[in-house]
Amino acid sequence: MSAATNKTAEANGALEPSCRKTAAHALTIVRDGVITGEGPTTRGRVHFSRALDADDAAWCARILTATAVEHQPVSRAEAEALFEIDDAAAERSDDGRFDDLLAKAVVHHAASESGLAVPPRTVALSPETAIESWAPTQAVGVDVEVLEWIARQMRGKRRGNRTLMALVATIVGAAALPLAQLPNVFDIGM
Numbered sequence: 001m002s003a004a005t006n007k008t009a010e011a012n013g014a015l016e017p018s019c020r021k022t023a024a025h026a027l028t029i030v031r032d033g034v035i036t037g038e039g040p041t042t043r044g045r046v047h048f049s050r051a052l053d054a055d056d057a058a059w060c061a062r063i064l065t066a067t068a069v070e071h072q073p074v075s076r077a078e079a080e081a082l083f084e085i086d087d088a089a090a091e092r093s094d095d096g097r098f099d100d101l102l103a104k105a106v107v108h109h110a111a112s113e114s115g116l117a118v119p120p121r122t123v124a125l126s127p128e129t130a131i132e133s134w135a136p137t138q139a140v141g142v143d144v145e146v147l148e149w150i151a152r153q154m155r156g157k158r159r160g161n162r163t164l165m166a167l168v169a170t171i172v173g174a175a176a177l178p179l180a181q182l183p184n185v186f187d188i189g190m
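Numbering (the working numbering), first residue to last: 1 to 190.
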């Protein structure tokens, strides 16, 4: 992230989360910058509308791993804001960093909502940490409602997140749920 961008956005306290609610709000500011190409996260650099670049991905990572939220699980509001950013970005120039962050954040949320232990965000969301090293690979203990929520979020998206789809397919496959319980889940993996 450029120094000019960092200083401009830091002046806006909304990008320094104090809790999961303010982190979700900060992510909507990033989303707005992706949509319009303007705002505190895009000042001081060339940014096209509907484009997601490495600085945008870095903003998301910085917000999600802020000290105030580091030891809390990713909230549904934060995960939904990430899905909105994903939907808003027609062009990508972040070398896959955002897709990695999205998959890890959604699985972090799903696992924690299911009562499973998750590592701190700085570990779980790090590009150096393999998602398979901490994410559930079996359906034991995974909340069906959370899996349904993920399936609804991913259904009909123009861009699929392969990492997230593979993990959900593995978990759902292991669960051997009747299709009536998890409608159209196979749409996300095909």
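Positions of the beta carbon are idealized from the N, C-alpha and C atoms, including for glycine.
Since the model is a prediction, treat every value here as computed from it, not as a measurement.
- DSSP places residue 147 in the helix class (H, G or I) of the three-state scheme.
- The beta-carbon distance between residue 89 and residue 51, rounded to whole angstroms, is 7 Å. This is short enough to meet the 8 Å contact definition.
- Around the beta carbon of residue 42, 16 or more other beta carbons sit within 10 angstroms, so the residue counts as buried.
- Measuring C-alpha to C-alpha distances from residue 112 to each of 92, 83, 102, 136 identifies 136 as the nearest.
- The beta carbon of residue 57 sits closer than 7 Å to those of 94, 97, 98, 101, all from its chain and outside the five residues before and after it, given in chain order.
- In the displayed model, residue 18 falls within coil according to three-state DSSP, outside both helix and strand.
- Bounds of any beta strand (DSSP E) do not take in residue 94, whose DSSP letter is neither H nor E.
- For residue 110, the closest of 146, 154, 86 by C-alpha to C-alpha distance is 146.
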